[in-house]
Structures are given as structure tokens and as C-alpha cells.
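Below is one structure, written out as C-alpha cells; the observations come after it.
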Amino acid sequence: MRPWRAVFVAGALWACAWPVRANLPTFDEVRRAHRPSDLVLLDRQGLPMQTVRVDEHARRLPWVPLQNMSASLRMAIVLSEDRRFWAHSGVDWRGVAASAWGNLWNERTRGASTVTMQLAGLLDADHARPAGGRSVVGKIGQAWSARQIDARWRKSDILEAYLNLVPLRGELVGINALSQTLFGKHPSALDLRESAITAALVRGPNASAAQVAQRACQVWQTMQGAASACDGLRLLTESALQRRGGMPLGEQLAPHAARQVIDEARRAGWGRTRAWPAQWPTTLDARVQRLATAVLRQQLVELHERQVEDGAVIVLDNASGEVLAWVGSAGALASAPEVDGVLARRQAGSTLKPFVYELAFERRVLTPASLLDDSPVQLPTASGVYRPQNYDHRFKGWVSVRQALGSSLNIPAVRVGALLGPEAVAQRFNALGLGLREPGSFYGPGLALGGAEVTLRDLSNAYRTLARGGGWSPVRLSRSGPDTRPVFRQVLRPEAAFLVTDILADNNARASTFGLDSVLATRGFAAVKTGTSKDMRDNWCVGFTDRFTVGVWVGNASGEPMHEVSGVSGAAPVWSRLVSELHRAQPSRAPAAPAGLVAQAIAFQGWPTPEPARQEWFIAGTQQALWQVQATPPGRAILNPQDGAIYAIDPDMPPQVQRVLFTRSEQARGLSWWLDGRRLSQAERHAWLPWPGRHQLELRRGPQVVDAVHFEVRGAGVKATPATGPQRRRAAAFLAAGVER
6 MRPWRAVFVA GALWACAWPV RANLPTFDEV RRAHRPSDLV LLDRQGLPMQ TVRVDEHARR
66 LPWVPLQNMS ASLRMAIVLS EDRRFWAHSG VDWRGVAASA WGNLWNERTR GASTVTMQLA
126 GLLDADHARP AGGRSVVGKI GQAWSARQID ARWRKSDILE AYLNLVPLRG ELVGINALSQ
186 TLFGKHPSAL DLRESAITAA LVRGPNASAA QVAQRACQVW QTMQGAASAC DGLRLLTESA
246 LQRRGGMPLG EQLAPHAARQ VIDEARRAGW GRTRAWPAQW PTTLDARVQR LATAVLRQQL
306 VELHERQVED GAVIVLDNAS GEVLAWVGSA GALASAPEVD GVLARRQAGS TLKPFVYELA
366 FERRVLTPAS LLDDSPVQLP TASGVYRPQN YDHRFKGWVS VRQALGSSLN IPAVRVGALL
426 GPEAVAQRFN ALGLGLREPG SFYGPGLALG GAEVTLRDLS NAYRTLARGG GWSPVRLSRS
486 GPDTRPVFRQ VLRPEAAFLV TDILADNNAR ASTFGLDSVL ATRGFAAVKT GTSKDMRDNW
546 CVGFTDRFTV GVWVGNASGE PMHEVSGVSG AAPVWSRLVS ELHRAQPSRA PAAPAGLVAQ
606 AIAFQGWPTP EPARQEWFIA GTQQALWQVQ ATPPGRAILN PQDGAIYAID PDMPPQVQRV
666 LFTRSEQARG LSWWLDGRRL SQAERHAWLP WPGRHQLELR RGPQVVDAVH FEVRGAGVKA
726 TPATGPQRRR AAAFLAAGVE R
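So the mapping is simple: the numbering used here equals the position in the sequence shown, first residue as 1, plus 5.
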């Protein structure tokens with residue numbers, strides 16, 4: 006008997022004794038187990054929005070059925086790898102015997118593995134080709150598995166699985182990945198020459214371009230049935246192998262949101278303890294995402310001459326907290342397209358003011374009708390004297406809280422923030438999820454004007470909390486897992502949240518700064534606030550309707566200042582157009598007032614240009630009809646405090662940091678401050694540490710009392726009797742004069 010026949014007989018006997026492998030998968034199991042290296046993110050309607058690579062070891066695309074592969078590709082693979090594929094039963098035994106004989110004598114021979122045998126090696130690690138080549142035993146084991154596959158699978162299924170699983174050039178796995186990367190087309194569109202190159206790469210995945218071209222020429226000639234010229238094949242091979250930039254993966258709408266989804270999923274164990282699925286459902290809405298991206302890009306084009314290059318947008322569903330749009334940058338138009346502007350921390354400017362006033366309403370320190378003095382003020386700080394300015398560097402004198410917040414006046418906001426104390430304000434910001442990195446004392450009086458850095462996501466969700474009547478819950482971007490309803494935590498009192506909402510929706514309240522026909526005026530209900538950070542580095546517009554909260558930021562990722570960009574010219578046009586489109590079919594409706602509020606007709610008097618009479622909302626027990634400023638009597642030496650003023654020590658602030666500021670007129674220079682019969686100082690301004698009780702403050706020239714006032718300080722533990730209207734007006738003098746720290 007000839008040697009090769011002896012080996013063949015031995016192999017056949019071995020194969021007969023080889024145990025049947027019960028763990029070989031079926032074709033359907035293999036197809037279901039296939040996982041692309043790129044996870045497809047779906048929007049809330051199930052439409053593909055974005056692909057994200059989750060497997061760094063190999064690059065695979067979705068499974069392609071055999072009927073979606075070109076006929077020329079199928080022919081090239083069979084002619085190159087296994088000419089008798091459609092005829093044999095999974096193993097070409099003569100080729101196996103020849104290979105085994107060559108291995109015995111260390112001769113270099115063709116492996117003779119059929120397509121089915123190669124598939125067996127791909128499905129079972131025991132049959133994978135070792136670095137030094139397979140042994141006779143390994144070859145026979147592979148052959149036996151191939152026989153089992155051929156007996157259980159259809160031939161078309163074997164070829165389909167092989168073409169989807171075969172490793173190719175570099176990290177590419179499967180014909181789909183190779184076709185779209187090297188040729189920029191789907192496997193169904195591969196022509197004869199491209200199919201020949203593909204077959205050559207199956208034989209030698211990482212061969213040089215010259216070797217691939219030579220092998221492709223042989224396949225080409227076999228397909229043609231004659232020794233035809235391979236004109237242009239070498240050039241096409243070199244061009245394909247040099248192609249870079251990855252494979253086209255369809256529309257890419259939300260790269261930054263996808264990054265956030267993947268990060269959250271990995272923290273939950275996906276990719277480590279659980280295999281990635283082929284698709285991942287998100288809360289995004291492809292229509293809203295496209296709209297937000299287009300509107301932002303258009304605005305940045307218009308602002309380009311004003312040194313604005315970057316922007317970001319987020320749209321939230323008020324009821325669920327689900328993210329409908331997450332635009333981290335304007336893509337190619339942005340100076341830093343990879344930077345996620347939704348998560349970048351930047352100074353929030355005046356967009357934080359509503360939460361300062363809300364806290365004052367909640368503590369009943371202020372009402373929307375309370376009067377604040379919009380005039381120059383100096384606040385000593387650890388680093389020097391703080392002199393806040395309004396945006397237009399003008400002062401409006403006495404204004405109501407409604408006008409101060411609606412028109413975004415800085416000095417009244419600083420006065421309110423100083424009254425509350427930076428620590429109390431910082432605690433409220435953190436309760437809203439803003440995540441300040443420093444304590445309130447770090448920011449000082451400027452905290453009320455947005456000196457803290459926050460993210461657009463967190464700031465927008467804080468406004469969503471206002472829209473929800475003070476109920477806070479985290480935003481949600483992924484729909485994978487159980488569809489649970491949001492669990493709300495009550496952060497703000499509903500009555501105070503409504504008062505702020507009503508002011509932010511009042512077009513008349515912001516008219517003195519923005520005008521009556523600004524882009525902030527909407528067809529239906531909308532509460533909105535703009536903000537600009539120090540040196541015009543960041544511009545914000547955040548607001549909500551009855552269904553949606555929309556947050557917009559424009560600026561420069563580099564931190565460079567913008568040129569003449571205000572709230573209404575920067576981010577607000579993007580916000581306005583988005584709100585208009587979101588409510589094109591159904592206008593937004595204003596919320597109903599919660600229990601605990603009363604409406605009261607009010608009037609103002611006591612200064613040259615008082616505000617017109619109007620109807621105002623109050624938390625029950627704080628309402629009054631007439632609001633007036635008590636003018637300082639002519640020749641009065643003591644300007645602050647006013648006679649009859651009432652002060653309250655804030656229980657949330659250390660007593661040593663609370664001060665009442667004593668001030669006097671220009672004509673009272675050289676006089677001495679006396680309190681309750683004790684001399685204090687001769688300073689022009691004296692910051693006094695308040696002490697509970699009734700006090701008499703005097704200005705003396707020697708033993709002579711030039712002027713005197715009486716005021717009261719109520720301690721944190723002192724139960725105060727209900728204040729009358731005049732007493733409440735006198736207490737407002739504390740806000741007018743400011744607090745020194």
C-alpha cells in the first residue's frame with residue numbers, strides 16, 4: 006500500500022472512533038450569537054441614530070445573508086478556497102491525506118482545508134489553527150467536526166457563516182467589514198475584480214499588496230476561464246489596501262450622547278460581565294436631534310463673525326426626565342468637535358438667579374412685590390471690595406422683585422444672595438444637582454450671579470425641577486433595562502417654584518431689559534432665563550414649557566471671549582426656534598397655581614417712577630396691597646438702618662459672618678456711632694454683628710445726640726410675632742442697604 010493511502014486509512018479509522026461532538030452549534034445559534042463590534046444606538050421609535058465601537062479587538066459589522074452578497078464574490082471564494090465545496094460532504098479526504106503525509110515528512114504542502122473545515126476552526130477553539138500548523142490528530146478532529154456540520158447544515162448556510170466569520174486584513178472580520186472598509190460598498194455590490202481581491206485576502210489576510218494582487222490575478226483568471234490580462238488589478242489592490250478612515254456606518258446623529266450611554270453601560274458591567282447586544286435603545290428622538298443640530302449650526306454660522314465657534318443643546322421631557330436631544334457640539338463647524346458641551350463645566354451667569362429668588366420666597370424673606378434698591382453697592386470680601394454692575398452699567402433705582410428677576414438685574418440679585426448667605430445658596434444649588442466643586446464661601450457674593458461652574462445637563466435639569474413644581478429626578482438617556490418611572494425628590498416648595506416660574510414667563514417683567522418683542526416671547530407659555538458669564542465667555546438660554554425643557558449654550562471651547570454677544574443674540578435664538586418647533590402642533594399651557602398661593606391687587610408709591618398697579622401672586626400670609634419706599638427725612642444723619650427696621654438672624658449662617666451695615670449722610674462726617682449707650686466707632690460705615698433684641702442707634706457730636714433710630718433684631722430661636730405691613734416694609738431696608746461680610 007502506498008504511504009499516502011496508509012495515512013488515509015489510519016485517518017479514516019481514527020475518524021470512526023472520534024466521539025460525536027454534541028456541542029457544535031446550529032446555524033441559527035451561530036447567527037444569533039454574532040455581535041458586531043459597533044453597537045447601534047436606536048432612538049425612541051427604534052430608528053438607528055449612532056454607532057459606537059465596543060469591541061477593540063476586532064471590527065465586525067452586522068451579519069449579511071448570503072443572498073445579499075454578490076454572485077461574483079460567492080464564485081471567487083469557492084474557486085479560491087474550495088472548488089468542490091458544493092459536491093463534497095464537508096471534507097476532501099484526498100486533500101487531508103496529502104496534508105497529513107506532508108506533515109509527517111515536514112514537507113510544505115497546501116493545507117487542503119475545505120470551507121467547512123475552516124468554519125469548524127472558527128466555531129470551535131479546539132480546531133483553531135495553531136501557530137505552527139495543525140498535527141495529523143488536529144487535522145482529523147477538524148475534519149470530523151466539518152462532517153458533522155455538513156450533515157446538519159445546508160451548504161448555503163455553511164458558506165454564509167464562513168463569509169461572516171472569516172478573519173481578514175488587520176482587525177477586520179467578515180466580508181461586510183472588509184467590503185465597506187476597503188471598497189466603500191456593501192458586499193452585494195462587489196464586482197469581479199473586487200471579488201478576486203477579497204478572495205486573495207481570505208487566503209493571505211496580511212500579505213503585501215504585490216502578493217495580494219498576484220493571487221487576485223490568479224483568481225480573476227480562474228473566474229474568467231482563460232489567462233486574461235489583469236490590467237488595473239494591481240492598482241486597484243494598492244488603492245484598496247491603502248484606504249483609511251474606517252467604514253461608513255450610516256447616519257451619525259448623536260456621538261456625544263452615545264459616548265455617555267456607553268460609559269454608563271460599562272459602569273453597569275456591560276462588556277465585562279455581560280455581552281453587548283447588537284442594538285441599544287435610547288430616549289433620544291431622531292427628529293428632535295436633527296432639528297437641534299441644524300438650528301445650532303445655523304446660529305453658529307451667523308455668529309462666526311462675533312468670535313463664536315462652539316455650542317451645545319439639550320432637550321428634556323419634563324414628565325420623565327428623558328433626553329430627547331443631546332447635541333454636544335456642532336460637528337465640523339466646531340473648533341473642538343470632540344468636546345461635549347453638554348457636560349463641560351462653565352460659569353452659568355444669570356441663569357442661576359431664579360434659584361436664589363426661589364429660596365428667598367421659600368423662606369418668606371421676599372415676595373414678587375418686595376422692593377429692592379438697584380443702586381451702586383460695595384461688598385467687602387476676603388479678596389477686596391466687590392462692586393457688582395448691571396449688564397448695561399445703568400441703575401434703575403427701586404424695583405420690585407418681579408422686575409429685578411425678569412429683567413435680570415445684577416445688584417438686586419447680589420443683595421438677595423448676600424442676605425441668604427453664600428453657604429445657603431450653595432446648598433440649594435447642590436440639592437438641585439448642580440454639583441458645585443467648592444463651598445459657598447469660595448464664590449462669595451458673586452455666587453448669586455452665576456460665578457459657579459455647572460454643566461448644561463445639570464442646569465437644564467434644575468429648570469426642569471421648576472417645571473415640575475420643585476420635584477427633582479435625574480435625567481435618563483438609556484432605555485435599556487426595566488422601564489421604571491422616575492422617582493422624584495421634593496427640592497423646592499411648589500408655591501415658591503410657581504412664583505419664579507410665573508416671573509420667568511412674564512414678558513412685561515423683562516421688558517425694561519429685553520423689550521416686549523424679544524426672541525424670548527413665545528406663542529404659548531414658556532418660562533425662560535438667559536445668562537452671560539464673566540468677560541462674555543459663555544452665553545446661556547434655559548427655559549421650559551409645559552412639556553419640554555430646552556437648554557442652550559454657545560461660546561468657545563477654548564474659553565476665548567465672544568464679541569458683542571448677549572443673551573438674546575447668542576443662545577436665545579436657538580432656544581426660541583426649538584420651542585416653536587416643538588409646540589408647532591400644540592401650544593404650551595401655563596401651569597395652575599398650587600395650593601397655598603393667593604392673588605392680590607397691589608400698588609406702588611414712594612419714589613418718582615413707581616411701577617404700575619397690577620395683580621400679584623403671594624404665598625399665603627405674605628400678601629399686602631400697598632408697597633412703598635419710606636424716604637429718608639430731610640437732614641437725617643443716619644441713612645441705614647431706618648427707624649423701625651426689623652432684622653432676622655439667619656439660622657443657616659454662622660452668626661459671626663452676619664453684619665448690619667450702619668451708614669450715614671455726607672453731612673454727618675466726624676460724628677461717632679453709639680449703640681445702646683456704648684460708643685462703637687467714628688467710621689463712615691460700621692459693620693455691626695447683630696444681637697437679638699431692641700436697639701437704639703445714635704450719632705453723636707461729643708455728648709450731643711444728632712440723630713437716633715430704633716430697630717429690632719430677632720434671633721434664630723426667637724419666635725417673632727406676625728409682622729404688619731409697615732414693619733415688613735421697614736425690614737426691606739436690610740435688603741436695600743446690603744449686608745457686609
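Backbone N, C-alpha and C fix where the C-beta goes; we use that ideal spot for every residue, glycine too.
Using the Cβ count rule (16 or more neighbours within 10 Å means buried), how would you classify residue i?
i, result
"Leu694", "exposed"
"Trp403", "buried"
"Trp678", "buried"
"Glu717", "buried"
"Leu425", "buried"
"Asn211", "exposed"
"Glu34", "exposed"
"Asp236", "exposed"
"Cys222", "buried"
"Ser94", "exposed"
"Ile643", "buried"
"Gln663", "buried"
"Ala524", "Per the sequence presented here, residue 524 reads as Val, with Ala not at that position. Label assigned to Val524: buried."
"Asp712", "buried"
"Pro381", "exposed"
"Val547", "buried"
"Pro617", "exposed"
"Thr119", "buried"
"Ala156", "exposed"
"Asp507", "buried"
"Lys539", "exposed"
Tell me the residue span of the beta strand (DSSP E) that contains residue i.
i, result
"Glu269", "Looking at the DSSP string, Glu269 is not in any beta strand (DSSP E); the run it does join, the alpha helix (DSSP H), is Pro260 to Arg272."
"Gly456", "Note, Gly456: premise wrong, no beta strand (DSSP E); not H, not E."
"Arg122", "The amino acid at residue 122 is misidentified as Arg; the sequence shows Met. It is not in any beta strand (DSSP E) - Met122 instead sits in the alpha helix (DSSP H) that spans Val120 to Leu128."
"Val533", "Ala532 to Thr537"
"Pro53", "Pro53 to Arg58"
"Gly682", "Note, Gly682: premise wrong, no beta strand (DSSP E); not H, not E."
"Phe90", "Where Phe90 is concerned, there is no enclosing beta strand (DSSP E), given that its DSSP letter is neither H nor E."
Are residue i and residue j closer than 8 angstroms when you measure CB to CB?
i, j, result
"Thr627", "Arg420", "no"
"Leu371", "Ala365", "yes"
"Gln408", "Ala299", "no"
"Ala374", "Glu671", "no"
"Arg528", "Pro479", "no"
"Gly354", "Gly475", "no"
"Gln432", "Ala263", "no"
"Ala532", "Ala510", "yes"
"Leu44", "Ala182", "no"
"Gly316", "Val559", "yes"
"Glu428", "Gly445", "yes"
"Arg124", "Tyr167", "A quick correction: the sequence has Leu, not Arg, at residue 124. Yes."
"Ile163", "Val69", "no"
"Pro749", "Ile654", "With the chain covering only 6 through 746, there is no way to say anything about residue 749."
Which two residues bound the contiguous alpha helix (DSSP H) that contains residue i?
i, result
"Gln303", "Ala291 to Leu308"
"Val505", "Pro499 to Leu509"
"Arg36", "Phe32 to Ala38"
"Arg198", "Leu197 to Arg208"
"Asp162", "Lys160 to Leu170"
"Arg407", "Val406 to Gly411"
"Leu587", "Ala577 to Leu587"
"Phe519", "Ala516 to Phe519"
Assuming residue i and residue j make a contact with CB atoms under 8 angstroms, what is their CB distance in whole Å?
i, j, result
"Ala76", "Val224", "No, Ala76 and Val224 are not in contact; Cβ-Cβ is about 15 angstroms, not under 8 angstroms."
"Leu78", "Ser200", "4 angstroms"
"Asp551", "Pro599", "About 15 angstroms; that fails the 8 angstroms criterion."
"Leu29", "Ile154", "6 angstroms"
"Trp281", "Ser485", "In fact, because the Cβ distance is near 11 angstroms, the residues do not count as touching under 8 angstroms."
"Val320", "Leu583", "7 angstroms"
"Met122", "Ala151", "4 angstroms"
"Ala330", "Val306", "Going by Cβ atoms, the distance from Ala330 to Val306 rounds to 19 angstroms, so no, they are not a contact pair."
"Ala453", "Ala418", "5 angstroms"
| said: I'd like to know if the segment 439-446 and the segment 532-543 are in contact, where contact means that at least 3 CB-CB pairs between them fall below 8 angstroms. | reply: no
| message | Closer than 8 angstroms is the cut-off here; do at least three beta carbon pairs connect the segment 277-293 with the segment 46-56? | response | yes
| request: Decide yes or no for the touch test of the segment 499-508 against the segment 568-580: beta carbon pairs closer than 8 angstroms, at least 3 of them. | output: no
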